[in-house]
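Here is the structure we will look at, set down as structure tokens.
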Amino acid sequence: MKIDDKYAPQQIEPKWYDYWMRHDMFHSEPDEREPYTVVIPPPNVTGMLHMGHMLNETIQDVLVRRARMQGKNACWVPGTDHASIATEAKVVQKLKAEGIDKSSLTREEFLRHAWEWKEKHGGIILSQLRKLGASCDWARTKFTMDPEMSRSVIKVFVDLYNKGKIYRGVRMVNWDPAAQTALSDEEVVYRESQGKLYYLRYRLEGTDRYLIVATTRPETILGDTALCVNPDDERYKDLPQDARVVVPLVGRSIPVIRDSYVDIEFGTGALKVTPAHDVNDYMLGEKYNLETIDIFNDDGTLNEHGGRYAGMDRFAVREQIERDLASAGLLEKVEAYTNNVGYSERTSVAIEPKLSMQWFLKMDELSKPALQAVMDDTVRLVPSKFKNVYRHWMENVRDWCISRQLWWGQQIPAYYLPTGGYVVAETPEQALELARAKSGNPDLSLHELRQDPDVLDTWFSSWLWPISVFDGINRPDNEEIKYYYPTNDLVTAPDILFFWVARMIIAGYEYRGERPFRNVYLTGIVRDKLRRKMSKSLGNSPDPLDLIAQYGADGVRMAMLLCSAAGNDLLFDDSLCEQGRNFGNKIWNAYRLVSGWPVDESLAQSECNAAAVRWFDSMLEKTLRQVEEHFAEYRISEALMLIYKLFWDEFSGWYLEMVKPAYGQPIDRPTLDATIGFFDKLMRMLHPFMPFVTEEIWQDIAPRRDGESVSLAPMPEPAPCDETLLEQVELLKETVTAVRNVRKQRNLPAKEPLELRVIADENYHPELGALLRKTANLTDVETVAEKPADAASFIVKTTQYFVPLDGKIDVEEELKKLQHDLAYYEGFLASVRKKLGNERFVQNAPAQVVENERAKQNDAEAKIKALKERIATLGR
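So this is what it looks like as structure tokens:
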């Protein structure tokens, strides 16, 4: 293979993904190796790739590719979620465009349309992930409504029902009027909303006195069944015990009750009680046996209890009832008011608290093992700051409303008998057997049973995901679940910590007796430069596929990873993608440079090249060790930045300059082989982050058999490094930089060789002289005992260096520079002495920190001494 002159990711990326797929490199089967398992957070089957997916899947791919290169049996299971509410809405919308109303269809007819829609659109997001380079085991792709997945869900429902953990009852739920289904508490998003506070006049029955009640929802007066005051409120002490008031406009007489629940400080201290439409009012209704009047239809319009407002939308009623109350003299006043309003996470409409017959899962006992697992780090949250949030939710967990009034999803396996009551069973045949036994009617037929029309909450499918993708519910002892479970790392967003993560942990302990994963890496939110969350509605989210087309997948992956520390939001800008692409160009051009060097087999390795090879080998080994440490703590962004700097600064900026032959001259074989060896290791280190460009170069480094890949090559393991040599070369680099500064300050051409004089001390290393001469373009480095007067000077650590200038030195300018340096170091020394003079710091700081400060003090004192001597010499 010949590396092209220009880096063209649009050409190489499809080529290598096809190569990986053709050779089935991402497929896993149980074997004797250590497994490494990741399950993808299943995106909605309705979904398209967005920036959040890009971040999440890139991090997963880095972890999976790295594990694969470490010799583990890496298995990354992809799949999609059936997303009951979102998908049903899409299908209803499509049917409406075709002139078909859902209500005109049978359930079976509607589901045929839904499955057709799923087959047409459902695989889009997974195909888009391939463009990103995701190394999923595509043969294992799952869908939460695959037959075996649905069987798992039904089996779990029946099991939990039989254990007494699932029950059916009328409860106050969050109702989505757009989707016309109940929601769990976690599917409600609270937003600060600008509204009004209406002060209504309730006439005290039998008098001309009015009690004033403040409410944000005046339309719900139609369902009022009591008025409540605090028994300690002095304003209402004079009310008779049997006092009643008249509901404004409605004319209904309702009792005044007394309960300490009422906040004396809010509004007027009088609370209207609407048990059917407020969870707290519902509890008051239960406590005082109040009537319950439901005034809403499922679509958010008012029903027959709405009187003159029946059939109107709830928000239209709010506007109209304000006018009507004012006209009737029953509106005391209206104030602007800001409060938090709950919205459906799926449809973005305001939810209605509503009494509804639903199915619930008892969570208190189930959640205890899952809480303990996170608190003792059996399941480790990264970053750990989310542990407190998790604990608060789990300690205050409420029963989970698991039924949804939809058709798309797993239908609840409850069957109602014609004579009343119901049975719960995995299959209709089992249900019939139970129903015959329960009714005492052996002649009962299947068509006489009616299955519950509701489906289960989508999360009730995905909470089994790490188990069900390996069929561990239906076949709990199969080889795959025993090999791949528990999984290793879960990468997801914090906003589904409770929707999904907590529930998976609960399911793991209930159905496998152990954690479902070892680590949970919680990503941040992708935001724009103004810190706004990226979204299509705001128009601030680029199309990820457009970014890939422009910058290449490697460039976009780099952009996502360079600034994405766990749990911290990512401030995204297209310039990050450009930085990523530029890095790809840097790698490409560096390899082209090295590939173009002619080699002389008879040429001996120079002292300079030998030192450079020893140094970079140690630098690489040190970085490998640091990268290992970062990965152990899931500091993936920091790990990438280390490798980035290693390649850009150390390898390209220093090493290649150290060993690069003069123009037209050959390089020796040992140095070239070492350099190519470094390239090989660097490509393997970078591969999990930038899979495409690294594959292209790795394949060019040496002849490869078809089917070999850097993705299957071993990840380099760190070996001991020469820390002393690394410290010496750091001083050498400072020296080279200082010489270059002298050139710049004196307008000396970079190609013009210079001489260097040095007053040697323990921080000068003559054994690196050859390396210093080449990198600084010096003809000679000579050790001297005295300070030359006619020379530019600088100090590195404690060593004094001089560049002879043949009478060209401007003594006044040199003195000015030395005085500036002296002032800086004297100020620096004062700050260090102040710190060391603080007894609390010296006694409480780690010994190494104190030692570092003392070393800084010694260095500064030596520099000051040398600067003063140099100033004295020039001043004579």
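Remember, our numbering sits 1 above the position in the sequence shown when you count from 1. Note that the Cβ used here is the ideal one computed from N, Cα and C, for glycine as well. Keep in mind that this is a model prediction, so the values were computed, not measured.
query                                                                                                                           : result
Boundaries of the beta strand (DSSP E) in which A227 is found, first to last residue                                            : 227 to 230
Backbone secondary structure at C402 - three-state DSSP                                                                         : strand
Member of K534, L726, W116, P692 whose CA lies at the smallest distance from the CA of R615                                     : L726
For P249 and H306, the rounded distance between their alpha carbons                                                             : 15 Å
Coarse secondary structure for E756, derived from DSSP in three states                                                          : strand
Stretch-stretch touch, CB-based, cutoff 8 Å, three pairs: the segment 376 to 393 with the segment 199 to 207                    : no
L769 versus V730, K752, P414, residue with shortest Cα-Cα distance                                                              : V730
Per-residue DSSP class, three states only, for E359                                                                             : According to the sequence shown, residue 359 is Gln rather than Glu. If DSSP states are grouped into helix, strand and coil, Q359 belongs with the strands.
Alpha-carbon spacing of V425 relative to K439, whole angstroms                                                                  : 11 Å
Identity of the residue in F795, K166, F573, F690 nearest V628 by Cα                                                            : F690
DSSP state of M716 mapped onto helix, strand, coil                                                                              : coil
Proximity below 8 Å, CB of P10 to CB of G553                                                                                    : yes
C-alpha distance - P232 paired with V274, whole-angstrom precision                                                              : 16 Å
Pick from R192, P256, G268 that is closest to G207, judged by C-alpha positions                                                 : P256
Expected contact under 8 Å - CB spacing of R966 and Y416 to nearest Å                                                           : Given that the chain is displayed from residue 2 to residue 877, the structure contains no residue 966 and the question cannot be resolved.
Beta-carbon separation (whole angstroms), P487 vs P517, contact threshold 8 Å                                                   : 6 Å
CA nearest to the CA of L732, picked from G525, F795, L621, D544                                                                : F795
C-beta contact flag for R758 and V785 at 8 Å                                                                                    : yes
Straight-line gap, M2 to H24 (C-alpha atoms, nearest Å)                                                                         : Only weak support exists for where M2 lies, its pLDDT of 47 falling under 50; the coordinates are left without a value.
Three-pair Cβ contact test at 8 Å for the segment 93 to 111 versus the segment 38 to 58                                         : no
Proximity of L1 and I644 at Cβ, strictly below 8 Å                                                                              : Not covered by the structure: residue 1. The range shown for the chain is 2 to 877.
Between the CA atoms of A374 and L683 - distance to the nearest angstrom                                                        : 38 Å
Three-state class that DSSP yields for Q373 in the structure shown                                                              : helix
F267: first and last residue of the uninterrupted alpha helix (DSSP H) it sits in                                               : Looking at the DSSP string, F267 is not in any alpha helix (DSSP H), and its letter there is neither H nor E.
The segment 335 to 349 contacting the segment 360 to 375, beta-carbon criterion three pairs below 8 Å                           : no
Beta-carbon proximity check, D570 vs R528, cutoff 8 Å                                                                           : yes
Reduced DSSP category for T800 - H, G, I as helix; E, B as strand; rest coil                                                    : strand
Cα-Cα separation, I468 to G509                                                                                                  : 7 Å
Boundaries of the beta strand (DSSP E) in which A183 is found, first to last residue                                            : 182 to 184
Counterpart residues of A898 in DSSP-defined beta bridges                                                                       : Here the chain comprises residues numbered 2 to 877, so residue 898 is not present and cannot be evaluated.
Alpha carbon of E862 to alpha carbon of R871, nearest angstrom                                                                  : 14 Å
Beta-bridge pairing of R204 - partner residues as DSSP gives them                                                               : Y211, V247
Buried or exposed by the 16-neighbour rule on C-beta atoms within 10 Å, applied to Q129                                         : buried
Contacts around M364, its chain only, beta-carbon distance under 6 Å, and the 5 residues preceding and following it disregarded : V398, D400, W401
Separation of L212 from Q242, as counted between CA atoms                                                                       : 15 Å
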